[in-house]
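Engineer: Sequential numbering of the sequence shown, starting at 42, is according to the numbering used here.
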Amino acid sequence: MKPTDRRGALRTGAAAALAGALATACGTEPRPAPTATAAPRRPAPAPAVAPGPRRFAGHPDEIAHGPRDRPRVALTFHGQGDPALARTLLGQAEKAGARVTVLAVGEWLDDHPDLARRVLDGGHDLGNHTQRHIDVNAMTEAEAHAEIAACADRLRRLTGSIGTWFRPSRTPHAAPHVVRAARRAGYPHVLSYDVDSLDFTSPGAAAVVRTVAGTVRAGSVVSLHFGYPDTAAALPLLLADLDRRGLRAVTTTELLT
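The structure is reproduced here in structure tokens:
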């Protein structure tokens, strides 16, 4: 290398070193790119409050059926038993475009709390069938109120509402003191029925369909149960039979609205 080239290289190196030193001193040294940080996660929205009880003017304290001049029926299920069968029945109803009413036992909700929201997410009515499913008519009024209120508390905790209906346990009809106890707990009406499927006797799916088909008519409220395989086998056949008659299965609230 020529002497002049060597001197030029030295000057260039010195200048570069000086520039680097000045950049460091002035705080302009290139910095690593900032690490991306995840956006704060927003809390999930609170579930909508479920519908509550309604007073239906012109209807008695205990309702056994709806208007007879509209092609609608209400299929109502006593809510307890095998949760897998309950999910099957709800899915069968939804596949057929039907909506039902589930009267849940409080102890069942304690064991399977997710089913309360499952019922509501399917567009069905959810109500109260006492806390322990024992003979509510045999209780005193204070005992009956405590039994109804205990289930109502479970429903409120799980859904934000005490539910749409109360049905007495171990009896199709509520004694007058149970009607009063239900009213104190927030239920203007007691829900009975005019068609008993007798599915809890496990008579076979065909017998369940025959029993309902033989007595159901416009405005009927049909009593069915979760937890019985015969009911799960019968429901698609029953819904098909209702459809052939031009009867639509709706919630009890829709039946009376």
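Just so you know, even glycine gets a beta-carbon here, dropped at the ideal spot from N, CA and C.
Indicate the three-state DSSP secondary structure (helix, strand or coil) for Phe-241 in the structure shown.
Structural biologist: As a first step, residue 241 is located in the sequence shown; it is residue number 200 there, counting from the start. Looking at Phe-241 - three-state DSSP - the assignment turns out to be helix.
Engineer: What runs of the beta strand (DSSP E), each 3 residues or longer, lie entirely inside the region 141–171?
Structural biologist: With a minimum length of 3 residues, the continuous beta strand (DSSP E) runs that stay inside the region 141–171 are 142–145, 166–169.
Engineer: Which stretch, first to last residue, makes up the beta strand (DSSP E) that contains Thr-117?
Structural biologist: Taking the first residue of the sequence shown as position 1, residue 117 is located at position 76. Unbroken beta strand (DSSP E) run through Thr-117: 113–120.
Engineer: Who are the near neighbours of Gly-186 in its chain, counting only those whose CB is closer than 7 Å to its CB and skipping five residues on each side?
Structural biologist: Against the sequence shown, residue 186 aligns to sequence position 145. Checking the sequence shown, residue 186 turns out to be His, not Gly. Hits under 7 Å: Ala-222, Arg-225, Ala-226.
Engineer: Could you please give the first and the last residue of the uninterrupted alpha helix (DSSP H) stretch that includes His-186?
Structural biologist: Along the sequence shown, one-based indexing puts residue 186 at 145. Looking at the DSSP string, the run of the alpha helix (DSSP H) that includes His-186 is 182–200.
Engineer: Could you check how far apart the C-beta atoms of Asp-282 and Ala-246 are, in whole angstroms? I think they sit under 8 Å.
Structural biologist: To locate residue 282, count along the sequence shown from 1; it is residue 241. To locate residue 246, count along the sequence shown from 1; it is residue 205. About 12 Å separates the two Cβ atoms, so there is no contact after all.
Engineer: Ordered along the chain, which non-local residues of its own chain (more than five positions away) have a Cβ less than 8 Å from that of Glu-148?
Structural biologist: For the purposes of this step, residue 148 is identified with residue 107 of the sequence shown, where counting begins at 1. The residues are Gln-121, Gln-172, Arg-173, His-174.
Engineer: Closest to Pro-217 by C-alpha separation, out of Ala-190, Cys-192, Arg-289, Ala-183, would be which residue?
Structural biologist: Residue 217 sits at position 176 when you count from the first residue of the sequence shown. Per the Cα distances, Ala-183.
Engineer: Is it right to say Ser-202 is buried, meaning 16 or more other beta carbons lie within 10 angstroms of its own, or is it exposed?
Structural biologist: Start at 1 with the first residue of the sequence shown, and residue 202 comes out as number 161. Buried is the call here.
Engineer: Buried or exposed, going by whether 16 or more other CB atoms sit within 10 Å of the CB of Asp-151?
Structural biologist: In the sequence shown, the residue the question calls residue 151 occupies position 110. Answer is exposed; the Cβ neighbour count stays below 16.
Engineer: Quick check on His-266: does DSSP put it in helix, strand or coil?
Structural biologist: Here residue 266 corresponds to residue number 225 of the sequence shown, with the count starting at 1. The answer is strand: DSSP assigns His-266 an E or B state.
Engineer: So, is His-214 buried or exposed, given that buried needs 16 or more other C-beta atoms within 10 angstroms?
Structural biologist: Taking the first residue of the sequence shown as 1, we reach residue 214 at position 173. So His-214 counts as exposed.
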